[in-house]
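Just so we're aligned, residue 220 is where the sequence shown starts under the working numbering, counting upward by one.
Backbone N, C-alpha and C define an ideal beta-carbon position, used for all residues, glycine too.
A short worksheet on the structure shown next.
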Amino acid sequence: MAGLLRPGNAGSNTAADRIEAARLALARLPKKHRRGRQTLIRTDSGGGTHEFVAWLARRGRWLSYSVGMPITDALHQAVLKVPTAAWTVAVEPDDEIRDGAWVTELSGDCLKGWPKGTRLIVRKEPHPGAQLRFTDADGPQLTAFATNTTGVPIAALDLWHRQRARAEDRIRAARATGLTNLPLHDAAQNRSGWRSSRSPSISWPGCPCSL
């Protein structure tokens, strides 16, 4: 729905760029979807900054969000303390169990400094080739996201967040049409189609597409 032309050395978690991309994308939605909990903004871990999440959660905007979070040492240590009984099996879109994947919700110090109502969901699962820490004795890869959605099982929240992969695929496809892959390398009209996109995905529950 929207994208920004950015220099090649632009940071992946630049909050100002993500806010601007979100503004542009929301402006293209029907007016009734530009604010309110029915509109869900999802990002990868580059969007997991205090400034961006605070913008999403600002009073009067009321947007729902599902924002990837980096796995910090503090978060990793909190995961190690989670009892086995507190983990819930992850699910696939057809409600089948996701083999070897488990999710849990963290609280306490991990949420200090984040907007009121923020929830932190963590998933662990085997991932061949993943870069693991030496403390990951059982070989899981950890991923985390913050959300303000309530009243939904955490396994379903995790599924919603994973479905952002469709946006990643579109970004990959867009990059495949970069300037070096186009036939008219010196033509100005080609440059207009080249972009480095860091756009969040926007959807609303029940909608099969990610915008």
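| Query | Result |
| --- | --- |
| Cutoff 8 Å; reference Ile316; Cβ partners in own chain excluding five residues on either side | Val308, Ala309, Val310 |
| Boundaries (first-last residue) of the beta strand (DSSP E) holding Glu344 | 338-345 |
| Boundaries (first-last residue) of the beta strand (DSSP E) holding Asp236 | Note, Asp236: premise wrong, no beta strand (DSSP E); alpha helix (DSSP H) at 234-246. |
| Sequence-distant residues of the same chain with beta carbon closer than 8 Å to Trp423, five excluded per side | For Trp423, the pLDDT reaches just 48, beneath the cut-off of 50, and the residue's location in the model is therefore unreliable, leaving the point undetermined. |
| Cβ neighbours of Thr369 in the same chain (closer than 6 Å, five flanking residues each side left out) | none |
| Rounded distance between the beta-carbons of Thr366 and Tyr284, thought under 8 Å | 6 Å |
| Burial state of Arg383, where buried means 16 or more other Cβ atoms lie within 10 Å | buried |
| Identity of the residues DSSP links to Pro359 by a beta bridge | Pro345 |
| Own chain, CB closer than 8 Å to Ala273, minus 5 neighbours either side, in chain order | Pro334 |
| With 16 other Cβ atoms within 10 Å as the buried cut-off, status of Gly230 | exposed |
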